[in-house]
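Chemist:
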Amino acid sequence: MADHHHHQHLPSDPALRVKALETVLTEKGLIDPAAIDAAIDAYEHKVGPHRGARVVARAWSDQDFKRRLLEDATRACDEMGSVGAQGSHIVAVENGPKIHNLVVCTLCSCYPWPLLGLPPAWYKSFAYRSRAVIEPRSVLAEFGLELDDDVEIQVWDSTAEIRYLVIPQRPEGTDGLEPDALAALVTRDSMIGTGRALQPEAKP
Amino acid sequence: MADHHHHQHLPSDPALRVKALETVLTEKGLIDPAAIDAAIDAYEHKVGPHRGARVVARAWSDQDFKRRLLEDATRACDEMGSVGAQGSHIVAVENGPKIHNLVVCTLCSCYPWPLLGLPPAWYKSFAYRSRAVIEPRSVLAEFGLELDDDVEIQVWDSTAEIRYLVIPQRPEGTDGLEPDALAALVTRDSMIGTGRALQPEAKP
Amino acid sequence: MNGIHDMGGMHGFGPIELEANEPVFHETWEGRVYGISRAMTRPDGFNGDLGRYTREIMPPDLYLRSSYYERWLWGFEWALLHFGSMTLDELKAGEGSKAASPRNDALTADQVSATISHKMPSDRAIDTKAGYAVGDRVRAKNLNPSHHTRLPRYARGKTGTVRLHHGAHVLPDSHAQGQGENPEHLYTVAFTAKELWGEDASPRDLVMLDLWESYLEPV
Amino acid sequence: MNGIHDMGGMHGFGPIELEANEPVFHETWEGRVYGISRAMTRPDGFNGDLGRYTREIMPPDLYLRSSYYERWLWGFEWALLHFGSMTLDELKAGEGSKAASPRNDALTADQVSATISHKMPSDRAIDTKAGYAVGDRVRAKNLNPSHHTRLPRYARGKTGTVRLHHGAHVLPDSHAQGQGENPEHLYTVAFTAKELWGEDASPRDLVMLDLWESYLEPV
């Protein structure tokens with residue numbers, strides 16, 4: 020049994036603590052260190068916001084896919100292999116000229132891993148968790164996003180296993196761009212709602 | 020101007036911090052260290068729960084004083100010289116067989132200094148401040164006070180400059196005791212509501 | 032402000048630790064902090080409501096790992112720096128700038144006992160009539176100011192009954208912001224535990240809070 | 032529980048600190064914590080809802096001064112000690128007891144990528160009909176349990192409109208306590224900012240929360 024103060028018997032340096040934990044688990048056959056390496060590698064190099072960006076770019080390019088995405092994002096993302104751990108139920112919400120969606124998890128830091136990878140530090144920060152629901156406009160202003168008063172903000176507090184993906188507005192001047200070129204404009208923050216999609220570079 | 024992180028430029032040891040503060044204030048003529056000594060002495064040796072106990076003992080012994088105390092405790096305590104800093108407005112609340120009063124300050128640690136002196140550490144603790152209003156019965160149980168279900172608990176959260184004094188129930192077997200002997204039965208905790216008055220020692 | 036200090040109703044702080052024969056001050060420096068609070072010449076603009084606010088704006092993690100008198104110390108440091116009674120460089124050096132000529136009006140030791148019995152009433156005579164009477168049903172408004180307030184989160188939106196009327200008192204929300212005393216009628220309002228904490232709460236228990244007129248609305 | 036983790040609507044945590052070109056893990060040990068969470072053989076009784084709860088029961092001051100992966104580490108330590116996967120003596124020594132024969136069924140490196148795309152749906156088929164339909168007005172109950180819940184304090188007692196119905200999902204309150212999945216219908220409920228934060232809030236903004244049937248009552 021554990022009380023709530025086991026840490027008082029352990030080093031304060033988390034690196035030492037993790038090392039001890041990994042060693043104990045390894046010796047008991049409860050973990051294979053090579054599997055830890057593989058999990059780190061996967062989230063450092065394979066699973067990231069490019070997956071969500073592909074979904075958004077396809078929605079921008081393919082009206083039928085967009086309709087399916089808004090109707091049942093879990094199934095639509097599954098088509099693209101972007102469903103899985105911490106993202107088994109997905110809802111996509113679409114920004115427009117007068118509506119802006121913003122995703123937060125006030126109680127912990129729920130985040131659509133299969134679409135965006137692991138969350139950035141600011142998403143997990145106490146400042147973001149506490150403020151996004153009570154003062155979303157001042158939060159967005161800190162990200163450089165000043166919204167007009169007539170824009171409605173919809174904040175999604177992820178209190179269950181539903182994970183939210185924001186479909187940002189498609190930038191002007193992107194007609195005819197291929198999905199890969201479009202995906203390059205879709206930033207991580209634009210899919211959380213703390214940013215907009217990038218403008219395409221002006222052509223010479 | 021001060022930001023909210025001035026402490027990062029100062030020692031973490033509060034003893035060193037206070038020493039620096041006192042020295043700066045003294046050199047600027049904003050404080051006289053002998054006055055600090057005098058204030059410490061006053062609250063260590065002069066102002067304490069014996070003052071509130073005298074008020075309670077008199078209320079137990081003198082029905083007319085008790086009536087005045089319940090009607091206007093500020094004036095009644097003033098008669099006994101027990102009004103002043105952090106106790107300029109006083110309300111007395113009386114315990115009975117079916118009613119139990121408990122005083123807390125959830126937002127800081129307001130306390131009737133002129134009647135009880137400075138508060139004990141538990142009164143200022145996060146545990147007491149957080150729990151007294153939501154689970155007073157389990158709080159009282161930790162003080163050894165198990166109340167019957169049919170006793171109504173009235174918790175007073177001191178959110179303004181009104182300070183609350185609990186008049187505990189007078190113990191059985193104290194008929195004829197002089198006020199000084201009665202006052203010796205009135206504990207600090209009994210005037211906060213986390214205890215009862217003491218029983219007089221059994222006579223041989 | 033919806034700060035860490037507003038902890039009424041929180042879980043997770045563990046049991047209440049009792050100490051037998053507790054001293055008034057556990058450490059010498061604690062007494063010095065308390066004595067400073069009683070004896071120092073307060074800068075213009077400082078008042079007791081602002082003093083509470085200075086402790087509320089501590090970084091929340093620092094608030095939770097600081098003791099009571101550490102929080103007081105932090106608040107005094109903040110206020111004295113904020114109002115220019117001293118500079119951070121002076122505090123870091125632990126000595127006042129030699130250039131300034133010291134004041135000579137600090138409280139003296141023989142004046143201290145008078146301050147202990149010195150009343151500082153917060154009630155004020157105002158012309159506005161009280162909006163509520165004892166026995167009235169009232170609702171605490173759902174206010175979420177970012178500044179100092181004495182309406183705890185756990186009572187907001189809840190309905191209770193006026194138990195006492197204390198006349199008009201200085202409004203902390205205004206006073207702590209340096210916007211004047213703006214006295215308002217002050218009431219003790221009784222809320223049932225069920226109203227505050229839901230159906231699982233004790234059917235008999237009450238919680239009383241002292242709430243100003245502008246915190247309340249009629250039901 | 033009304034814990035320190037329930038911080039929606041709090042003031043005092045300062046500005047949001049942004050970091051350009053942020054790495055996935057800032058320290059090597061953070062990656063190890065994350066990898067352990069993905070690769071370890073979980074003890075019977077452990078589930079994701081309990082995992083969240085283990086971080087909520089951290090002492091509040093420790094919670095606030097710990098980083099995200101420090102809180103994860105603390106929670107895993109707590110759970111593995113609680114369920115007897117290891118002892119505190121083993122953890123202190125940094126080595127498993129020699130007596131026990133190790134298991135040989137831990138996840139291997141080549142199995143990791145399958146876990147990343149492995150769906151773990153929390154929806155369940157139940158016989159109970161949904162109590163609410165999209166468009167219904169509902170009130171979040173004023174619940175204050177001392178155990179795990181996903182109904183934040185800021186929404187309790189507030190009235191909103193059902194926006195989405197997700198079918199029935201595992202109830203975290205029950206699951207985290209080891210009392211079974213007890214699936215209930217799950218709804219996204221839209222609350223106006225004015226309802227949540229009072230008259231000074233933006234007239235246009237909404238906050239949506241995912242709330243289970245037993246968190247709600249009809250209006």
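Protein chains in written order, with our numbering: chain A, 20 to 223; chain B, 20 to 223; chain C, 32 to 250; chain D, 32 to 250.
For each residue, glycine too, the CB sits at the ideal point set by N, CA and C.
When DSSP labels each residue in this structure, what does Ile118/A get in the three-state scheme?
Modeler: If you number the first sequence from 1, residue 118/A lands on position 99. Looking at Ile118/A - three-state DSSP - the assignment turns out to be strand.
Chemist: Leaving out the 5 sequence neighbours to the left and right, which residues in its chain are closer than 8 Å to Met239/C when beta-carbon positions are compared?
Modeler: Looking up residue 239/C in the third sequence gives position 208. Answer for Met239/C: Arg194, Thr219, Val220, Ala221, Phe222, listed in chain order.
Chemist: Note down the Cα distance separating Arg215/B from Gly40/C, rounded to an integer number of angstroms.
Modeler: Counting from one through the second sequence, the residue named residue 215/B turns up at place 196. Counting from one through the third sequence, the residue named residue 40/C turns up at place 9. For Arg215/B and Gly40/C, the distance between alpha carbons rounds to 25 Å.
Chemist: Where do the N-terminal and C-terminal ends of the beta strand (DSSP E) with Gly198/C fall, by residue?
Modeler: In the third sequence, the residue the question calls residue 198/C occupies position 167. Counting along the chain, the beta strand (DSSP E) containing Gly198/C begins and ends at 190-200.
Chemist: With C-beta atoms as the reference, is Ile157/D less than 8 Å away from Ser144/A?
Modeler: Taking the fourth sequence and counting its residues from 1, the one referred to as residue 157/D is at position 126. Taking the first sequence and counting its residues from 1, the one referred to as residue 144/A is at position 125. Contact flag unset, no.
Chemist: Any idea if Pro223/A is buried or exposed, counting beta-carbon neighbours within 10 angstroms, 16 or more meaning buried?
Modeler: As a working note, residue 223/A is residue 204 in the first sequence. Note that Pro223/A scores 46 on pLDDT, short of 50, meaning its location in the model is unreliable; the coordinates nonetheless yield the value given after this. Under this definition Pro223/A is an exposed residue.
Chemist: For Tyr147/A, which three-state DSSP category applies?
Modeler: One-based indexing of the first sequence puts residue 147/A at position 128. Three-state DSSP puts Tyr147/A in a helix.
Chemist: Note down, in chain order, every chain B residue with its Cβ under 9 Å from the Cβ of Asn24/C.
Modeler: Absent from the model: residue 24/C. The displayed extent of chain C is 32 to 250, so no value can be given.
Chemist: On a Cα-Cα basis, can you pick out the residue from Pro187/A, His26/A, Lys38/A that is closest to Pro116/A?
Modeler: Numbered from 1 along the first sequence, position 97 holds the residue referred to as residue 116/A. Minimum Cα distance to Pro116/A is reached at Pro187/A.
Chemist: Please report how far the alpha carbon of Met20/B lies from the alpha carbon of Phe114/C, in whole angstroms.
Modeler: What you label residue 20/B is simply residue 1 of the second sequence in a count that begins at 1. What you label residue 114/C is simply residue 83 of the third sequence in a count that begins at 1. Low confidence applies to Met20/B: its pLDDT is 48, below 50, so where it sits in the model is not reliable enough to give any reading.
Chemist: Taking all protein chains shown into account, do 16 or more other C-beta atoms lie within 10 angstroms of the C-beta of Ser177/A, making it buried, or fewer, making it exposed?
Modeler: Here residue 177/A refers to the residue found at position 158 of the first sequence. Label assigned to Ser177/A: buried.
Chemist: Find the residues of chain C that neighbour Ile153/A, judging by a C-beta separation of less than 7 Å, and give them in chain order.
Modeler: Position 134 of the first sequence, counting from 1, holds the residue named residue 153/A. Under the 7 Å cutoff, chain C gives Asn175.
Chemist: Tell me the DSSP secondary structure of Phe107/D in three-state form.
Modeler: Along the fourth sequence, one-based indexing puts residue 107/D at 76. Of the three classes helix, strand and coil, the one that applies to Phe107/D here is helix, per DSSP.
Chemist: For a minimum of 4 consecutive residues, which ranges assigned as the alpha helix (DSSP H) are wholly contained in the stretch 135-216 of chain C?
Modeler: Those alpha helix (DSSP H) runs which fall completely within the stretch 135-216 of chain C and span 4+ residues are 143-147, 203-206.
Chemist: Using a Cβ-Cβ distance under 8 Å, would Met71/D count as near chain C?
Modeler: Start at 1 with the first residue of the fourth sequence, and residue 71/D comes out as number 40. Output row for Met71/D: interface = no.
Chemist: At a threshold of 7 Å, does Leu204/A count as lining the ligand FAD (C-beta to nearest heavy atom)?
Modeler: This structure lacks the ligand FAD, and indeed carries no ligand of any kind.
Chemist: Taking only beta-carbon atoms, is Trp228/D less than 8 Å away from chain C?
Modeler: Counted from its first residue, the fourth sequence places residue 228/D at position 197. Closer than 8 Å: yes.
Chemist: Any contact of the stretch 65-81 of chain A with the stretch 62-75 of chain D, i.e. 3+ C-beta pairs under 8 Å?
Modeler: Because the criterion of three Cβ pairs below 8 Å is not met, the stretch 65-81 of chain A and the stretch 62-75 of chain D do not touch.
Chemist: By DSSP's criteria, Trp175/B is part of a beta bridge. Which residues make up the other side?
Modeler: Residue numbering aside, residue 175/B sits at position 156 when the second sequence is read from its first letter. Val122/B, Met239/C, per the DSSP bridge assignment.
Chemist: Between the stretch 164-194 of chain D and chain C, which residues of the former have CB atoms less than 7 Å from a CB of the latter, in chain order?
Modeler: Residues Lys172, Asn173, Leu174, Asn175, Ser177, Gly188.
Chemist: Quick one: what does DSSP say Met20/B is sitting in, helix, strand or coil?
Modeler: In the second sequence, the residue the question calls residue 20/B occupies position 1. Because Met20/B carries a pLDDT of 48, less than 50, the predicted location of this residue cannot be relied on, and the following value inherits that uncertainty. In the structure shown, Met20/B sits in coil (DSSP, three-state: anything other than H, G, I, E or B).
Chemist: Measuring straight from C-alpha to C-alpha, what distance separates Gly103/A and Val110/A?
Modeler: Residue numbering aside, residue 103/A sits at position 84 when the first sequence is read from its first letter. Residue numbering aside, residue 110/A sits at position 91 when the first sequence is read from its first letter. So the two alpha carbons sit approximately 14 Å from each other.
Chemist: Between which two residues does the alpha helix (DSSP H) holding Val75/B run?
Modeler: Here residue 75/B refers to the residue found at position 56 when the second sequence is read from its first residue. Here the alpha helix (DSSP H) through Val75/B covers 68-80.
Chemist: How many angstroms separate the CA atom of Ser31/A from the CA atom of Ser144/D?
Modeler: Along the first sequence, read from residue 1 onward, the residue named residue 31/A stands at position 12. Along the fourth sequence, read from residue 1 onward, the residue named residue 144/D stands at position 113. For Ser31/A and Ser144/D, the distance between alpha carbons rounds to 32 Å.
Chemist: Per DSSP, which residues does His108/A bridge with? Please list them.
Modeler: Here residue 108/A refers to the residue found at position 89 when the first sequence is read from its first residue. His108/A pairs with Ile181/A.
Chemist: Against Pro204/C, what residues of chain D qualify as contacts under a CB-to-CB distance less than 8 Å, listed in chain order?
Modeler: Your numbering for residue 204/C matches position 173 in the third sequence. Note on residue identity: the sequence assigns Asp, not Pro, to residue 204/C. By Cβ distance, chain D contributes nothing, its closest Cβ being about 13 Å from Asp204/C, past 8 Å.
Chemist: Determine the closest residue to His200/C out of Gly191/C, Glu53/C, Leu122/C, Gly211/C, with distance taken between C-alpha atoms.
Modeler: Locating residue 200/C in the third sequence gives position 169, counting from the first residue. Of the candidates Gly191/C, Glu53/C, Leu122/C, Gly211/C, the one whose C-alpha sits nearest the C-alpha of His200/C is Gly211/C.
Chemist: Would you mind telling me which residues of chain B sit closer than 9 Å to His216/C, beta carbon to beta carbon, in chain order?
Modeler: Counted from its first residue, the third sequence places residue 216/C at position 185. Correct list: empty, because the minimum Cβ distance to chain B is about 11 Å.
Chemist: Can you give me the C-alpha to C-alpha distance between Trp109/D and Ile67/D, rounded to a whole angstrom?
Modeler: Within the fourth sequence, numbered from 1, the residue matching residue 109/D stands at position 78. Within the fourth sequence, numbered from 1, the residue matching residue 67/D stands at position 36. The straight-line gap from Cα to Cα measures roughly 14 Å.
Chemist: Using only the alpha-carbon positions, how far apart do Ala53/B and Asn135/C sit?
Modeler: On the second sequence, residue 53/B is found 34 positions in, with the first residue counted as 1. On the third sequence, residue 135/C is found 104 positions in, with the first residue counted as 1. Cα-Cα distance, rounded: 14 Å.
Chemist: Should Gly188/D and His216/D be called a contact, given that it needs their Cβ atoms to be closer than 8 Å?
Modeler: Along the fourth sequence, read from residue 1 onward, the residue named residue 188/D stands at position 157. Along the fourth sequence, read from residue 1 onward, the residue named residue 216/D stands at position 185. It is not a contact, given that the beta carbons lie outside the stated cut-off.
Chemist: For Val75/A and Ala202/A, what's the separation of their Cα atoms in angstroms?
Modeler: The residue given as residue 75/A occupies position 56 in the first sequence. The residue given as residue 202/A occupies position 183 in the first sequence. Their Cα atoms are separated by approximately 7 Å.
Chemist: Below 8 Å on the Cβ atoms is my contact criterion, and I expect Val112/B with Gln173/B to pass it. Report the Cβ-Cβ distance as a whole number of Å.
Modeler: Position 93 of the second sequence, counted from the first residue, corresponds to residue 112/B. Position 154 of the second sequence, counted from the first residue, corresponds to residue 173/B. About 7 Å; that satisfies the 8 Å criterion.
Chemist: How many angstroms separate the CA atom of Arg86/A from the CA atom of His119/A?
Modeler: The sequence position of residue 86/A within the first sequence is 67, counting from 1. The sequence position of residue 119/A within the first sequence is 100, counting from 1. Approximately 19 Å between the Cα atoms of the pair.
Chemist: How would you call Leu104/D, buried or exposed, if buried means at least 16 neighbouring beta carbons within 10 angstroms?
Modeler: Walking along the fourth sequence from the start, residue 104/D turns up at place 73. So Leu104/D counts as buried.
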